[in-house]
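Some notes on the structure that comes next.
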Amino acid sequence: MESGEILRRVYEARRRRLREMWETLKSNKAAYVSLYIVGFLIFIAIFGPLLTPYNPYDFDLSRARQPPSPAHPFGTDELGRDILSRILEGARYTIGISIASVLLGVVIGVILGLASGYLGGLWDTVIQRVVDVMLAFPTVLLAIALVASLGQGVVSLIIAIAISTFPVYARLVRGVVLQVVNEDYIAAARLLGKSKIYIMFRHVLPNSISPIVVQATYYMGLSILLASALGFLGLGVPPPTPEWGAMIGSGRTYIFSAPHIVVFPGVFIMISALSFNLLGDGLRDALDPKARALLRRG
Amino acid sequence: MEKVLEVKNLRIYYELPQGIVRAVDGVDFEVHKGEILGIAGESGSGKSTLALAVAGLLRPPAKVVSGEVLFMGTNILSLTEEELRSIRGKKISMIFQDPSTYLNPVYTTGFQVAEVYEAHRGGSWRRYVGDVVKLFRMVKIADPERRVNAYPHQMSGGMKQRVLISMAIAEKPELIIADEPTSALDVTIQAEIVELLNEIRKETGSSIIFITHDLALLLEIADRIMIMYAGKIAEIGRAEEIAKDPLHPYTKALLSSLQYERKKRLQAIPGSIPSLISPPPGCRFHPRCPLAFDICSKKDPQLYRVGGRVVSCFLYGGDHGGSA
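Which chain is which? The protein sequence lines are A and B, in order. In our numbering, each number is its position in the first sequence, counted from 1, plus 58. In our numbering, each number is its position in the second sequence, counted from 1, plus 6.
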């Protein structure tokens, strides 16, 4: 058989693997449903402002704190703004901030963790001592300090959350890497004369990915909460932007008299955090060829 | 006969907090072109340390105290890591005991074999898929066009060992070091792998160092056999000679422990292998040797030539009374 034909088969096998991944993800019902919910959340994050029945910023005190009704399905808030419209408008802030901050945190954390675990020596000592110091700070306190110094705004919020969460990834990745580098196939790659960077990204990283995926999706939820906590303290996205956490923060005074003001944004935060978690769980299984085979067999 | 490898007076010690372990202690041997040299010995006799030294893979705390490992005339032990890289995997390659740990679980086996070519010849792995299929066919992996896309966990132990063998022979090396390549496999697969190595040797003309604790297996496959005991050579000879007429008392004991007859007690060697931190004085085998006499506990036997063979025992040479 000539090499073009073999290569064609290699690509075909690759497509088959992608299909397998998809099937594995589908077989995990919770993850499959979560995939649609996450897709829906991303959809409203992008197109939400086009779908709002009312202007999310128009206030009318005569309609303040109305419970859910056909005109306002989620009710109105303390300033009479339509909560449904505000949730649709705010999705891009909340979901956007959490995705961006987690991505940034993962990238920083994974690179530092890989360097720390794989290069070792001085790299390891310096990175891990920095991580130690950062982990010693309460996450919220660190984020407050960062926002205070970076100034308010979406971008500084993303940076603040990413910086205050990356030490967790760095520590996690280092632990996994230390386990993986002792595997014989890493030694074999090293003996082939492959560069450290190549081995780090091509051999070590793919074998360390599952705990990172799980941790990252867990932190999706957490960074939404962190963003809300900062919003609640007046350090998040400045009002009147309807970031979901900030909505809870400003509605908390009325939690007993008009609970729907905090319940609806809260439900959305909960649903997003939960579906990101479940999706991450399914992704981990789908990405690991060994787990994939086990799941299909079982 | 052309010598591929020549090891001269090699001493490798491990410097541990508990003391110095004399893992390889004054070993001389050579490997001829196209032959299979079998190295047999108990666990802790220094076989694997020797293999690592030949491949230039020794790492601290292992330390070469003396000696040379001449591969095609160059001393492996004096080469830099950079120079070793051009030899290792290309001119000297290794096969290990547990094939599954040497394959990366997240990549297909075909990609991993192609990576060997990529490392030595450059270019993208895509260029080498055709060669990988040829290699797979050579090591008798059934349906090679499909198997290049299989992950390690989709293969049996014997199949994985074939993949590793294909990696080892990719560049048609002068010397293949097989360190217990069949110990993790079941007996029928063992026979197939041994047969495969034998065929590869004939096809490529590579020399093979076959390390095992299974002397019976070596008697089948090896041209010459080197018996090691506690870091030293006990005896080197042609496989038929060793089988028919073992010289060293240790070899004799090993062979009689192989000869199994119904309703007869298995002939075990009394005692166990000595500590390599404080080996017994004189011949290291003397505390367990049924034929030991005075000098054995006082002096270290040299390697004595008996015909075409080499044996390290005072029964065959040396001055029994006084200075050696």
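We put the beta carbon where it would ideally sit given N, CA and C, even for glycine.
{"Item": "Minimum length 3: unbroken beta strand (DSSP E) runs contained in the region 25 to 83 of chain B", "Value": "25 to 38, 42 to 46 and 68 to 77"}
{"Item": "Spatial distance of glycine 163(A) from valine 295(A) (CA atoms)", "Value": "19 angstroms"}
{"Item": "Contact set between alanine 71(A) and chain B, taken where Cβ atoms lie within less than 7 angstroms", "Value": "Asn155"}
{"Item": "Interface partners of glycine 251(A) on chain B, CB under 7 angstroms", "Value": "Arg91 and Ala125"}
{"Item": "Rounded straight-line distance, which links the Cα of glycine 62(B) to that of alanine 349(A)", "Value": "37 angstroms"}
{"Item": "Neighbour list for lysine 254(A) in chain D, Cβ cutoff strictly below 7 angstroms", "Value": "The displayed structure is made up of protein chains A and B, and chain D is not among them."}
{"Item": "Contact set between glutamine 160(B) and chain A, taken where Cβ atoms lie within less than 9 angstroms", "Value": "Pro347 and Ala351"}
{"Item": "Closest residue to isoleucine 64(A) among Ser84(B), Pro150(B) and Leu43(B) (Cα-Cα distance)", "Value": "Pro150(B)"}
{"Item": "Range covered by the alpha helix (DSSP H) that runs through threonine 197(A)", "Value": "197 to 208"}
{"Item": "Threonine 134(A) versus Arg121(A), Pro128(A) and Ala88(A), residue with shortest Cα-Cα distance", "Value": "Arg121(A)"}
{"Item": "Contact set for arginine 342(A): own chain, Cβ-Cβ below 6 angstroms, skip 5 residues either direction", "Value": "Ser268, Val271 and Val272"}
{"Item": "Exposure label - leucine 119(A); buried when at least 16 CB within 10 Å", "Value": "exposed"}
{"Item": "Option nearest arginine 94(B) by Cα separation, candidates Ser72(B), Ile183(B), Gln118(B) and Arg132(B)", "Value": "Ile183(B)"}
{"Item": "Valine 312(B) - DSSP class collapsed to helix/strand/coil", "Value": "strand"}
{"Item": "Identity of the residue in Val119(B), Met234(B) and Asn204(B) nearest proline 255(B) by Cα", "Value": "Met234(B)"}
{"Item": "Continuous alpha helix (DSSP H) assignments of at least 4 residues falling wholly in the region 195 to 281 of chain B", "Value": "221 to 227, 245 to 250 and 255 to 264"}
{"Item": "Cα-Cα separation, valine 75(B) to serine 84(B)", "Value": "9 angstroms"}
{"Item": "Buried or exposed (CB count within 10 angstroms, at least 16 for buried), tyrosine 157(B)", "Value": "buried"}
{"Item": "Cβ contact (3+ pairs, closer than 8 angstroms) linking the region 106 to 115 of chain A and the region 22 to 38 of chain B", "Value": "no"}
{"Item": "Nearest neighbour of serine 345(B), chosen from Asp104(B), Arg17(B), Phe142(B) and Leu321(B) [CA to CA]", "Value": "Residue 345(B) lies beyond the stretch modelled for chain B, which goes from 7 to 330, so this question has no answer here."}
{"Item": "Contacts of glutamate 151(B) in chain A (Cβ-Cβ under 9 angstroms)", "Value": "Met59, Glu63, Ile64 and Arg67"}
{"Item": "Length of the line joining the Cα atoms of leucine 170(B) and glutamate 186(B)", "Value": "13 angstroms"}
{"Item": "Amino acids of chain A, ordered along the chain, whose beta-carbon sits closer than 8 angstroms to that of threonine 107(B)", "Value": "Glu241, Asp242 and Tyr243"}
{"Item": "Through-space distance from arginine 248(A) to proline 70(A), alpha-carbon basis", "Value": "At residue 70(A) the sequence reads glutamate, which differs from the proline that was named. Each residue's alpha carbon lies about 30 angstroms from the other."}
{"Item": "Contacting positions in the region 114 to 140 of chain B - beta carbon closer than 9 angstroms to chain A", "Value": "Thr114, Gly116, Phe117, Gln118, Glu121, Val122, Glu124, Ala125, His126, Arg132, Arg133, Tyr134, Val135, Gly136, Asp137, Val138 and Val139"}
{"Item": "Simplified DSSP state of glycine 240(A), which is helix, strand or coil", "Value": "Correcting the residue type first, residue 240(A) is asparagine in the shown sequence and not glycine. Three-state DSSP puts asparagine 240(A) in coil, outside helix and strand."}
{"Item": "Beta-carbon proximity of leucine 215(A) to leucine 161(A), cut-off 8 angstroms", "Value": "no"}
{"Item": "Cβ neighbour criterion (16 or more within 10 Å) applied to phenylalanine 77(B)", "Value": "buried"}
{"Item": "Bridge partners - leucine 183(B), DSSP secondary structure assignment", "Value": "According to the sequence as given, residue 183(B) is isoleucine; it is not leucine. Note: isoleucine 183(B) sits in a beta bridge opposite Met100(B) and Ile215(B)."}
{"Item": "Euclidean distance between Cα positions of leucine 283(A) and glutamine 167(B)", "Value": "51 angstroms"}
{"Item": "Which listed residue (Ser222(A), Leu336(A), Val198(A) and Asp182(A)) has its alpha carbon closest to that of tyrosine 276(A)", "Value": "Leu336(A)"}
{"Item": "Cβ pair glutamate 177(B), lysine 96(B) closer than 8 angstroms", "Value": "yes"}
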